[in-house]
Structures are given as C-alpha cells and as structure tokens.
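Colleague: Each protein sequence line maps, in turn, to chains A and B.
Heads up, the first sequence is in the numbering used here, so the first residue is 38 and it goes up one at a time.
Heads up, the second sequence is in the numbering used here, so the first residue is 1235 and it goes up one at a time.
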Amino acid sequence: MSSLQSSAWRAASTVIRRDLLLAFRRPGEWLQPLAFFLIVTLLFPLSTDPELARLRQLAPAALWVALLLASMLALDFLFREDANDGTLEQLALSGQPFAVLLLAKTATHWMLTGLPLAVVAPLAAVALGAPASSVPQVLVTLLLGSVSLSLIGSIGAGLTLGVRRSGALLSLLVLPLAIPTLVFGARATQLAMVGESVAGPLYLLGALAVLGLTLAPLAAAAAVRISLE
Amino acid sequence: MSWAWFHRFGSPPYFYRVAGLLTPWFAWPAAVLLVVGLGWGLFVSPPDKLQGDAYRIIYIHVPNSWLSLMSYSAMAVSAAIGLIWRIKVAHAVAAAIAPAGAAFTAVSLLTGMLWGQPMWGTYWAWDPRIVFELVLLFFFLGYIALRSAIDDLNRADRTSAVLAIVGVVNVPIVHYSVIWWNSLHQAPSVLRTDGPSMPIQMLAPLLVSFLGFTLYFVAVMLVRARAEVLHRERGGDWIREAVAMHGNSP
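In structure tokens form, the structure reads like this:
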C-alpha cells in the first residue's frame, strides 16, 4: 500500500516538474493573466471618480472580480494543450490515480497563475487605497481564495475539454461555482482594509479550499476521462 | 431483491411504452388539483391580515420554488444513474428535465419579484436565497449550454452528467439559506419542526396546488423524456415496428 502511495506521489511530482519546466521555457504565457489582472484593476479607478475614499470602498470588489476573471482566462491552458498532444491520454493510461495527477497539474497551474496573482494583488490593493498594514491579511485571503478558484476551475476546464470554443461556456459553468469564494473573499478583504478581524470569512474560505481539494480533483478526473473517450 | 425491474427501464422501447401509459395518471390528477388548488387559493381562501390579497402569489411561488430544487435533484440523480450504470434512458430523462427545471426556477424568481415590489418595495433584493436561486438558474442554463456544445451525444450525456452532479452543492445552500443567514426572505412557514405557521384555510389550498404542480412536473418530465427517447432512437427498428402496428402514434 505504501509503495503504491509513494509511486503515486513520485508520478505527481514528475508531472509538477514537467509542467513547471514547460512553463519556464515559455514565460510569456503565464505572464498574460497577470497583465490582464493589472489592466482590469486599472479600469476601475478610470471608470469612476478616482477619489481615494471612494476607491477604498470599491477595492475589494475590484480585486476579486479581476482575480476571478484573470483566473478564468488562465484556465484555458490548464488541460487543453496536453489534451491536444496526447499527454493527458498517457497520464490516464499510466496506471497512477488520475485524480492525483490532475491535482498535480492543477497545483502547478496555481503556482503559475494563482500564486503570482495573489502576490501582485496586494500591490493593486494599495494602489486602490488599502492601508499598508492590511497587506499581509489581504495576501492570505487572496492566497486561500485563489486555491479554491484553481480547483473549481479545473472542473470547468475538464468539462469543456471536448468543446471547440470554450471561452464563454467555461465562464458560465465556473462562475456560479465560484460565487461563495468571491463572497467570503471580498468580505475578508473588506474587513482587512478597515482593520477588523478577518477570522470569520477566512475560516470559511479555508473550508471552501479544503472542500475543493477533496472533491474537485475527482470531478475533474471524471470529466477529463469522458472527454478522452 | 431483484433489480430486473429497474434495468428494464434502461430499454428505450420499454421506457417509451411505460412512460406513455403512466403519463395520463399524472397529467389528469395534476390538472384537477391545479384547478382546485389555485381556484381555492386565489378566490376562496381569506386574505392575509397584513399582506391583503398580494400574499396569494404563494400558491404559485412556493410550489415552483420547491420544484426548482426538486427538479434539479431529480436531474442530478438521473444523470448520476446514467453515468454510473451507463443507462442511456437515464441521460434522456436528465436532458428532458433541464428546460422544465429552468422554467420552474424562472417562474419562482419572477413571482418572487412581483411579490417583492408591493411587500419589500423593490423587485430585487441582494438576499442569499434570491441570489442562490438565480445561481440555480445559471446551473440549469450551464447544463443546457454544455450539453448543446458537445456534438457527440454519448459524450454530451456523460460530461453534462458530471456538471449536474457538481451543481448539487447548490441545492442545500438554497434550501438552508434562510436559516443560515439572517435574510430578508422569510423563513419556512410550511415545513417546520413545530408545525406549519399558517392557518388551515391558507395551508390547505397551498398543499393542494403543491401536489398539483408536482404531479404536473412528473407528467411533463415523462412527455419530454418520451420525446427525447424518440429523437435519440430515430431510425430504430422498434419505432418502425410500432408505427407499422399502430399507425402514426406508436
């Protein structure tokens, strides 16, 4: 049993190493969502009166909506390329637990999109009027939230793998599932910005991330398997 | 216990025939109960002390809200049966439920809005139950969109089944939203542990129309599922034989 587990673990770390290597050979690709995120957050102050008090009210909503849209955009290269060149089929046939391998892919994807977004977002938050003292809390909130978003996104990416133009459909499927994360994440960010305790919504965000971690890989694996048939 | 009766439903001709036989047993009682329940509720039962006649919309709103959750659950269970035991008829049933469920959800939202204008002074409130009911509508729409986006029928069935099962997380959220959050939408007044909180003159017609709408849902589901099976099996020998035997209506 333990040797089975360790071989699954080795397979997963191989997948992570391969995906990271591929990503570092093509840095442009995973920088795109980051640039997209910054541009979207830039649109909010430009489309309203850029007075700091008003921006501060808008900031949590702007951050989370931009984060949601950017991670949505990034989902397109979670599975698609590997489905096209047959890598996913090889993974499915490898005899290793498919859900674990897809979780490894999702984890890599989070490292390349969710993590940089969560790190850059507090800077955007400060630009939108968040006090510097709230940055650590905002960062933790965004980190936890982006984990959930990546996991939920892996289900959507799996489901739309067999669809030719998946952009709008992917959003239609993923955004409803992402609403609880958005609600609690924006709430936590708002509390952090006014200097209150973020514990409540943060625990709920953590619970959502754990729920996603438990169930999302199974759903994604089922969806990807069907599209490979 | 033998499961043969269950697997027989996996056969399209058998399902088609049995569903056709069952339909009138649901459709007629539904018609009678709806006429009685809605007539009683809209014209006979007394007006509410605080809300006047406006409360009467509950005779449509409550059954449709219940059916929106019920039909989503039925769709997910049926999709899961199709996915697990690879029964194509079950996928046809799930596909047949989706538009009906979306319609119930839309009616629930619309009647809620019509009631909200005189009572809350606004058509729309950002209240958890209302928002998650809207999310339910998006799940139905997403299911329909995903199904129609995949050309291969077998893959469309199985992929959309996974989505239907994932979306089940939303059902308890809608149901418990008025209990978990302190919301504008009122708490349940029929299904309560301490008994219904409405007088019998209002409760009785509600239960009648409740039952009527539910039977109506079953009848609609059967008719739509039959049509779906017929469409999927077009060109099948059993349809040609049935047509040859019974003329135009197999």
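Just so you know, even glycine gets a beta-carbon here, dropped at the ideal spot from N, CA and C.
#1: From A:Ala-244 to A:Leu-214, what does the alpha carbon distance come to, in whole angstroms?
#2: So which residues of chain B does A:Lys-256 contact, with C-beta pairs closer than 8 Å?
#3: Listing by chain order, which chain A residues have their CB less than 7 Å from the CB of B:Val-1369?
#4: Quick one: is B:Arg-1381 near chain A, going by C-beta distance under 7 Å?
#5: For A:Ala-246, I'd like the list of residues in its chain whose CB is within less than 7 Å of its CB, leaving aside the five on either flank, ordered along the chain.
#6: Residues of chain B with CB closer than 7 Å to the CB of A:Leu-260, please, in chain order.
#7: Would you say B:Glu-1475 reaches chain A, if we count a Cβ-Cβ gap shorter than 7 Å as a contact?
#8: Looking at the strands, I want to know which residues DSSP matches up with A:Asp-119.
#9: Count the other C-beta atoms from every protein chain shown that fall within 10 angstroms of the C-beta of A:Gly-151, then say buried if there are 16 or more, exposed otherwise.
#10: Below 8 Å on C-beta distance, what does A:Ser-264 contact in chain B?
#11: Less than 7 Å between the C-beta atoms of B:Gly-1253 and B:Leu-1456, yes or no?
#12: Quick check on this structure: which residue in B:Leu-1387, B:Tyr-1293, B:Ala-1390 and B:Phe-1366 has the alpha carbon closest to the alpha carbon of B:Leu-1303?
#13: Report the neighbours of A:Val-200 on chain B: residues whose CB is nearer than 8 Å to its CB, in chain order.
#14: CA-CA distance, B:Tyr-1306 and A:Ser-170?
#15: Given a cut-off of 7 Å on the beta-carbon distance, is the pair A:Thr-197 and A:Leu-188 in contact?
#16: Does DSSP put A:Gly-65 in a helix, in a strand, or in coil?
#17: Going by C-alpha distance, which of B:Phe-1260, B:Val-1323, B:Pro-1297 and B:Ile-1413 is nearest B:Ala-1395?
#18: Are the CB atoms of A:Pro-159 and A:Val-175 nearer to each other than 7 Å?
#19: Quick one: which chain A residues come within Cβ less than 7 Å of B:Phe-1373?
#20: May I have a chain-ordered list of the alpha helix (DSSP H) segments no shorter than 4 residues that lie completely inside the stretch 74–154 of chain A?
#21: Would you mind stating whether B:Phe-1338 and B:Asn-1298 have Cβ atoms separated by less than 7 Å?
#22: Determine the direct distance from the alpha carbon of B:Trp-1360 to that of B:Leu-1368, and round the result to whole angstroms.
#23: For B:Gly-1254, report the span of its alpha helix (DSSP H) as first-last.
#24: Mind checking which residues open and close the alpha helix (DSSP H) that includes B:Gly-1350?
#25: Taking A:Leu-209 as the query, report the chain B residues whose CB atoms sit under 9 Å from its CB, ordered along the chain.
#26: Please list, in chain order, all residues of the same chain as A:Ala-258 whose beta carbon is under 7 Å from its beta carbon, the five residues on each side excluded.
#27: What would DSSP say about B:Gly-1286, mapped onto helix, strand or coil?
#28: By the 7 Å beta-carbon criterion, what residues does the stretch 185–197 of chain A contribute toward chain B?
#29: Could one say the Cβ of A:Leu-206 lies closer than 7 Å to chain B's Cβ atoms, at least one of them?
Modeller: Taking the definition as stated:
#1: Start at 1 with the first residue of the first sequence, and residue 244 of chain A comes out as number 207. Start at 1 with the first residue of the first sequence, and residue 214 of chain A comes out as number 177. CA-to-CA, the gap between A:Ala-244 and A:Leu-214 works out to about 15 Å.
#2: For the purposes of this step, residue 256 of chain A is taken as residue 219 along the first sequence, with counting starting at 1. Reading the sequence as shown, one finds Ala at residue 256 of chain A and not Lys. Scanning chain B for C-beta atoms nearer than 8 Å to the C-beta of A:Ala-256 yields Val-1396, Ile-1399 and Val-1400, reported in chain order.
#3: As a working note, residue 1369 of chain B is residue 135 in the second sequence. Chain A residues near B:Val-1369: Pro-213 and Ile-216.
#4: To locate residue 1381 of chain B, count along the second sequence from 1; it is residue 147. Cβ-Cβ to chain A under 7 Å: no for B:Arg-1381.
#5: As a first step, residue 246 of chain A is located in the first sequence; it is residue number 209 there, counting from the start. So the list reads Leu-181, Val-184 and Ser-185, once near-sequence residues are dropped.
#6: Walking along the first sequence from the start, residue 260 of chain A turns up at place 223. Here the sequence assigns Ala to residue 260 of chain A, which means Leu is not the residue at that position. Correct list: Thr-1393 and Val-1396.
#7: The residue you call residue 1475 of chain B lines up with position 241 of the second sequence. Not closer than 7 Å to any Cβ of chain A, the Cβ of B:Glu-1475 fails to qualify, so no.
#8: For the purposes of this step, residue 119 of chain A is taken as residue 82 along the first sequence, with counting starting at 1. DSSP lists no partner for A:Asp-119.
#9: Counting from one through the first sequence, the residue named residue 151 of chain A turns up at place 114. Answer is buried; the Cβ neighbour count reaches 16.
#10: Residue 264 of chain A sits at position 227 when you count from the first residue of the first sequence. Chain B residues near A:Ser-264: Arg-1389 and Thr-1393.
#11: As a position in the second sequence, residue 1253 of chain B is number 19, starting the count at 1. As a position in the second sequence, residue 1456 of chain B is number 222, starting the count at 1. The sequence given here has Ala at residue 1253 of chain B, not Gly. Yes, Cβ-Cβ distance for B:Ala-1253 and B:Leu-1456 is below 7 Å.
#12: The residue given as residue 1303 of chain B occupies position 69 in the second sequence. Comparing Cα positions, the closest option is B:Phe-1366.
#13: Position 163 of the first sequence, counting from 1, holds the residue named residue 200 of chain A. At a beta-carbon threshold of 8 Å, the residues of chain B lying near A:Val-200 are Leu-1380, Ala-1383 and Ile-1384, ordered along the chain.
#14: In the second sequence, counting from the first residue as 1, residue 1306 of chain B sits at position 72. In the first sequence, counting from the first residue as 1, residue 170 of chain A sits at position 133. Each residue's alpha carbon lies about 45 Å from the other.
#15: Working through the first sequence from its first residue, we reach residue 197 of chain A at position 160. Working through the first sequence from its first residue, we reach residue 188 of chain A at position 151. No. Outside cutoff.
#16: Taking the first residue of the first sequence as 1, we reach residue 65 of chain A at position 28. A:Gly-65: helix per DSSP, three-state reduction.
#17: Numbered from its first residue, the second sequence carries residue 1395 of chain B at position 161. Of the candidates B:Phe-1260, B:Val-1323, B:Pro-1297 and B:Ile-1413, the one whose C-alpha sits nearest the C-alpha of B:Ala-1395 is B:Val-1323.
#18: Stepping through the first sequence from its first residue, residue 159 of chain A is reached at position 122. Stepping through the first sequence from its first residue, residue 175 of chain A is reached at position 138. Their beta carbons are under 7 Å apart, which means A:Pro-159 touches A:Val-175 by this criterion.
#19: By one-based count along the second sequence, residue 1373 of chain B stands at place 139. By Cβ distance, chain A contributes Pro-213.
#20: 89–111, 113–121, 124–130 and 135–146
#21: Counting from one through the second sequence, the residue named residue 1338 of chain B turns up at place 104. Counting from one through the second sequence, the residue named residue 1298 of chain B turns up at place 64. Yes, the Cβ-Cβ distance between B:Phe-1338 and B:Asn-1298 is below 7 Å.
#22: Position 134 of the second sequence, counted from the first residue, corresponds to residue 1368 of chain B. Position 126 of the second sequence, counted from the first residue, corresponds to residue 1360 of chain B. Roughly 11 Å separates the two Cα atoms.
#23: Sequence index remark: in the second sequence, residue 1254 of chain B carries index 20 (1-based). From DSSP, the alpha helix (DSSP H) with B:Gly-1254 extends over 1246–1273.
#24: The residue given as residue 1350 of chain B occupies position 116 in the second sequence. It spans 1322–1354 - the alpha helix (DSSP H) in which B:Gly-1350 sits, taken as one unbroken run.
#25: As a first step, residue 209 of chain A must be located in the first sequence, where it is residue number 172. Under the 9 Å cutoff, chain B gives Phe-1372, Leu-1375, Gly-1376, Ala-1379 and Leu-1380.
#26: To locate residue 258 of chain A, count along the first sequence from 1; it is residue 221. Listed in chain order, the non-local C-beta contacts of A:Ala-258 below 7 Å within the same chain comprise Phe-135, Ala-136 and Leu-139, local neighbours out to five positions each way being set aside.
#27: For the purposes of this step, residue 1286 of chain B is taken as residue 52 along the second sequence, with counting starting at 1. Residue state, collapsed to three classes: strand.
#28: Ile-192 and Leu-196
#29: Position 169 of the first sequence, counted from the start, is the residue given in the question as residue 206 of chain A. Yes, its Cβ sits closer than 7 Å to a Cβ of chain B.
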